[in-house]
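S.K.: Under this note's numbering, the first residue of the sequence shown carries the number 9, and numbering increases by one thereafter. The beta-carbon is built from N, C-alpha and C at its ideal position, and this holds for glycine as well.
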Amino acid sequence: MSRGSTKPAAPWRSPPRAVTTSISRARRVVGHTVRDTGGQVPNPIRAAIYLRLSRDAEDSTSIASQEQDCRDFCRLRGWEVVQVASDVDVSGSIRPEDRTGFGEILDNLSAVDVVVARSVDRFSRVTAHFAGLVETLTSKGATLADVHGQVDLTSPYGKFVTTIMVAFAEMERETIKARILRSRGELRRQGRWLGGAAPYGFRLVEKDGGKVLDRDDYAAGVLGDVVARIIKGVTLSQEIDRLTSSGEASPGTYRKITRGEWHPPMVWEEWTYSALYQLLRSEVLRGYRVVGKRSERRAVRDEFGAPVRVGPALVDDETWYALQDALDRAGQTNRRPRRKATLLLHVAWCDDCDDTLYYNSRVYKGKTLDLYTCEAARNKRVRDQGRCSGISVNAARLEKQVEEWLLTRFGRMDMKVQRRVGGGNDRRVKLDQLRADIDALAADLAGLRGASRAAVLRQLEARQEALEEIEAEPEVPERWEWVSTGRTVAQEWEARDTAERRLMLLDFKIRAAVAPAQGRRAWNPERVQVGRYVEDPEAEMLEAIAREDLM
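1) E88 by DSSP, collapsed to three states: which one?
2) For R211, which of L251, E105, P320 has the nearest alpha-carbon?
3) Just checking, does the region 149-156 make contact with the region 120-140 on the three C-beta pairs under 8 Å criterion?
4) Determine which residues share a DSSP beta bridge with N368 and list them.
5) Which runs of the beta strand (DSSP E), 3 residues or longer, sit entirely within the region 243-315?
6) Note the first and the last residue of the continuous alpha helix (DSSP H) segment covering G229.
7) On the premise that Q91 lies in contact with V122, defined as a C-beta separation below 8 Å, what is that separation, rounded to the nearest angstrom?
8) Do R509 and L351 have their C-beta atoms closer together than 9 Å?
9) Look at the alpha carbon of R309 and the alpha carbon of R337, and state the distance between them as a whole number of angstroms.
10) Can you name, in chain order, every residue of its own chain whose Cβ lies under 6 Å from the Cβ of S99, other than the five neighbours on each side?
11) Span of the beta strand (DSSP E) holding Y329?
12) What's the C-alpha gap between R457 and R306?
13) Taking a contact to mean a Cβ-Cβ separation below 9 Å, would you say E383 touches D363 in this structure?
14) In angstroms, rounded to a whole number, what distance separates the CA positions of D360 and A93?
15) Using the rule of at least 16 other Cβ atoms within 10 Å of the residue's Cβ for burial, across every protein chain shown, is L84 buried or exposed?
16) Grab me the residues of L406's own chain with a C-beta within less than 8 Å of its C-beta, minus the 5 sequence neighbours each way, in chain order.
17) Inspect the beta-carbon positions of V235 and V410 and report whether they are closer than 9 Å.
18) According to DSSP, which residues form a beta bridge with L61?
19) Thinking C-beta only, is V89 closer than 9 Å to A56?
20) Please list the segments of the beta strand (DSSP E) lying wholly inside the region 445-513, counting only runs of 3 or more residues, in order along the chain.
21) From which residue to which residue does the alpha helix (DSSP H) around R535 run?
22) If we count the other Cβ atoms within 10 Å of its Cβ and call it buried at 16 or more, is Y208 buried or exposed?
23) Can you name, in chain order, every residue of its own chain whose Cβ lies under 7 Å from the Cβ of R471, other than the five neighbours on each side?
24) Under the rule that 16 or more other beta-carbon atoms within 10 Å means buried, what is H40, buried or exposed?
25) Does DSSP classify I399 as helix, strand or coil?
26) Let me check one thing: in DSSP terms, what residues is F210 bridge-paired to?
27) Under 9 Å, do L244 and V230 count as touching if we go by C-beta distance?
28) Taking the alpha carbon of D452 as the point to measure from, which residue in S397, R466, D440 has its own alpha carbon closest?
29) Take the Cβ of G255 as the centre, count every other Cβ of all protein chains shown within 10 Å, and call the residue buried at 16 or more, exposed below.
30) Taking 9 Å as the cut-off, decide whether the C-beta atoms of L145 and G232 are in contact.
31) Near S258, which residues of its chain fall below 7 Å by C-beta distance, leaving aside the five closest residues on each side in sequence?
32) In three-state terms, what does DSSP make of A384?
33) Counting C-beta neighbours from all protein chains within 10 Å, is the total for R389 16 or more, i.e. buried, or is it exposed?
34) What beta strand (DSSP E) runs, 3 residues minimum, are completely inside the region 109-166?
35) May I ask which residues mark the beginning and end of the beta strand (DSSP E) holding R519?
36) Provide the residue span of the beta strand (DSSP E) that contains W357, from first to last.
In structure tokens form, the structure reads like this:
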């Protein structure tokens, strides 16, 4: 039975259920008694099983073992399990009402008599939260039970003892918290991993009796390909589609595979836009320790304000900044855009309004029509302005015409790309890093007082001194040359996917101008004028000379 599902009612259960007071129901549950039913078959107690793990790790208590203990507990008492809900990686300090799994039980309380957990601390480790939970369940005619027998809500004395047990759990939580903080400080000093699963691209290895991060060659290779394509100009949406369609294991699935936890018929999880975006924005790629979640994630800094390294860098500093620049230029956010990037985005243009054409797919009379359209064709207000009547053109035919034009003129040419072949230094990268450190520390300084403010000021001073030293260094100019790929343009086109072909068209400065149809519905290739669009003729001439020197 899947979690959160409700088992169908037994055929012998009478539709109208006699509801007793919450106290009498609690006595039935905890005391395992059945009230006199006049010889009729009694209704079984309906139990919802609740499971919780604060940390999902190899050495943590298994969710499966918790569920099995609770099922055995219910079976021995003749209770019917109608629901199973769980919260993984959720602390006992969080209010039960604010947890996703427990919220499912609260939404279904009308069909539940008792909520069962392995121990009372699975419900909560905060006395006030537990008291509020008891009040909520009591008002709905339900109660709590645990496998260890610590919960008794049928008498004032039982409630008092249960509250004491929760208070001890709360004290234990605070003790564990203090111990973890001390332990993490020591682990951080030794450069060890603080705990939890390794980020995608890394693996945990044993070293000197502890665990440290090391490079996972396969996952790091997947990330390296993604980073290289993003820097070239491929959109994040296109990368998600490519990874999913190629069958590449997502970080969650890959983690289960490496731990031996994945097996058919388990679902092969798809890549998600938000998770990949957060990973590409996280400085963990540089091997730095990070704290915080999602947009608030930041690198941990030492006493001199420098980021603390916790593992090998998956990308060098120059690649990291190029990746961030590419994401910024593309306007990438942690939410996936709806618009689909296609072959001729920023290649196909409207000849009337001099604006780019966008891919548009719609169904007309039962048939799917893939078109490139300008803004006027999609927006009546723009058409009413009289600047453009609206351009629509068949997507497949336009793409084929552009492809034929490119390969006819350049297909046999040697494909060359620009690469840095010498000179340069990491001065710019160091400057960018130090300025980013100073900005981050300045932001942290706001609102700080006392010792914390003094510590951040010392970090700021150290970073500022390092910045001044780097700025005083001489800058060595970089040298770039055109280098052959060893393939013709046609071979390179064939080897690339749609996203990379689009970048190839942009590199060649190809532009397809589409004129109005003039009332004709049939395809007319003369509407399309394909050519190379050059904004700076002088730069184009110098570029052509450089290419010619390599011929």
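M.R.: Put simply:
1) In this structure, E88 counts as strand in the three-state DSSP scheme.
2) When only C-alpha atoms are compared, the closest one is P320.
3) They touch, by the three-pair rule.
4) Here N368 is bridged, per DSSP, to L379.
5) DSSP runs (the beta strand (DSSP E)) wholly in the region 243-315: none.
6) For G229, the enclosing alpha helix (DSSP H) stretches over residues 225-240.
7) Distance from V122 to Q91 at the Cβ level is roughly 11 Å; contact not present, criterion being Cβ atoms closer than 8 Å.
8) With respect to L351, R509 sits close: the two C-beta atoms are nearer than 9 Å.
9) Distance between the alpha carbons of R309 and R337: 28 Å.
10) Cβ within range, chain order: S62.
11) Premise fails: Y329 lies in the alpha helix (DSSP H), 325-337, not in any beta strand (DSSP E).
12) Computed Cα separation, rounded: 21 Å.
13) Taking 9 Å as the Cβ cut-off, E383 and D363 qualify as a contacting pair.
14) Straight-line Cα distance between these residues: approximately 59 Å.
15) The C-beta of L84 has fewer than 16 other C-beta atoms within 10 Å across all chains shown, which makes the residue exposed.
16) Excluding the 5 residues flanking it on each side, L406 has same chain C-beta neighbours closer than 8 Å at L352, A356, Y380, A520, V522, V536, in chain order.
17) Not a contact, by the Cβ cut-off of 9 Å.
18) In the DSSP output, where bridge partners are listed per residue, L61 has V96.
19) Closer than 9 Å, so yes.
20) For the region 445-513, whole beta strand (DSSP E) runs of length 3 or above, ordered along the chain, are 486-496.
21) Where R535 is concerned, there is no enclosing alpha helix (DSSP H), given that its DSSP letter is neither H nor E.
22) Classification for Y208: buried.
23) Counting only Cβ-Cβ distances below 7 Å, and skipping sequence neighbours, we find G313, L442, D445, I446, L449.
24) Model confidence at H40 stands at a pLDDT of 40, short of 50, so the residue's coordinates are unreliable and nothing is read from them.
25) Shown here, I399 sits in coil according to DSSP, grouped into three states, outside any helix or strand.
26) Answer is R223.
27) Taking 9 Å as the Cβ cut-off, L244 and V230 do not qualify as a contacting pair.
28) The residue with the shortest Cα to Cα distance from D452 is R466.
29) G255 is exposed by the Cβ-count criterion.
30) A distance of 9 Å or more separates the beta carbons of L145 and G232.
31) E277, E278, W279.
32) DSSP places A384 in helix when its eight states are reduced to three.
33) Residue environment analysis places R389 among the exposed positions, since fewer than 16 neighbouring C-beta atoms fall within 10 angstroms of its C-beta.
34) The region 109-166 contains, as complete beta strand (DSSP E) runs of 3+ residues, the segments 122-125, 151-154 (chain order).
35) Going by DSSP, R519 is part of the beta strand (DSSP E) stretching over 518-522.
36) Residue range 356-358 is occupied by the beta strand (DSSP E) that includes W357.
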